[in-house]
Amino acid sequence: MIKNTLFIIGLFVSSVASAQFTVTIQWHNIKPGNNGDTIYYVPGKKLAWRDFKGRPVAASPAAAITESGFGYRMTMNSRNKKTNVIITVFCYFTKNNSWVKKGMDSDYALKHEQHHFDITYINAWMFMQKLKEAPWNAGNYNYLVEKIHDECFDALSKMQDDYDGETSNGRINHMQYTWNRKIDRQLAELVTD
327 MIKNTLFIIG LFVSSVASAQ FTVTIQWHNI KPGNNGDTIY YVPGKKLAWR
377 DFKGRPVAAS PAAAITESGF GYRMTMNSRN KKTNVIITVF CYFTKNNSWV
427 KKGMDSDYAL KHEQHHFDIT YINAWMFMQK LKEAPWNAGN YNYLVEKIHD
477 ECFDALSKMQ DDYDGETSNG RINHMQYTWN RKIDRQLAEL VTD
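Written out as structure tokens, the structure reads:
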């Protein structure tokens, strides 16, 4: 029974491999509006303090926390020996996990938090670009998308840590200014399709 199952799986893989195989990478465009707990990144749209609905952690040294991330959805369509894998990339902010302490809701602090969301978007965009450049085939697409996602997620974590570390969570004004320019420059360099 196992031999027959393996043989059938082998036939499926070889038939997919001999078929035309394409990968489509796209950005998940969500119209701003009521998306529940989630705000999807839209270039140029800024966060507001009213978006930070989580309960502040009193013991935290941070004035505010931005909970953001990026991910993807993968679907496959097969027809007439043609297979297309569609990978949709998105970047999000979660309202109920993001918070600000009372009396700490300044414009300066909001810009610091906005840049956390911007950093997430920069790395989501890097993920999308690396996906577009990957050498896809029917046998490697699952492995490649996970590998590239993990690499870009690690880069995101490092950049977020560097940002908070070098600015001391926004408390070192001249370093915050340096990072503001760096992030604004990187955002301006992103190519949209």
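In the numbering used here, the protein residues as written are 327 to 519. Every residue, glycine too, gets a C-beta built ideally from N, C-alpha and C. Everything numeric in this text was worked out from a predicted model, so none of it was measured.
Assignment of beta strand (DSSP E) within the segment 346-388, counting only whole runs of 3 or more residues, yields 346-353 and 364-366 in chain order.
Between the segment 433-450 and the segment 496-515, the count of C-beta pairs closer than 8 Å reaches three or more; the two stretches touch. Contact annotation: residue 347 and residue 396 have beta-carbon atoms that are not nearer than 8 Å. Annotated three-state conformation of residue 451 is helix, per DSSP. Residues of the same chain with a CB within less than 7 Å of the CB of residue 381, apart from the 5 flanking positions on each side, are 425 in chain order. Per DSSP, the beta-bridge partners of residue 415 are 353 and 398. In the structure shown, residue 425 adopts extended strand secondary structure according to DSSP, grouped into three states. For residue 497, the secondary structure class from DSSP, reduced to helix, strand or coil, is coil.
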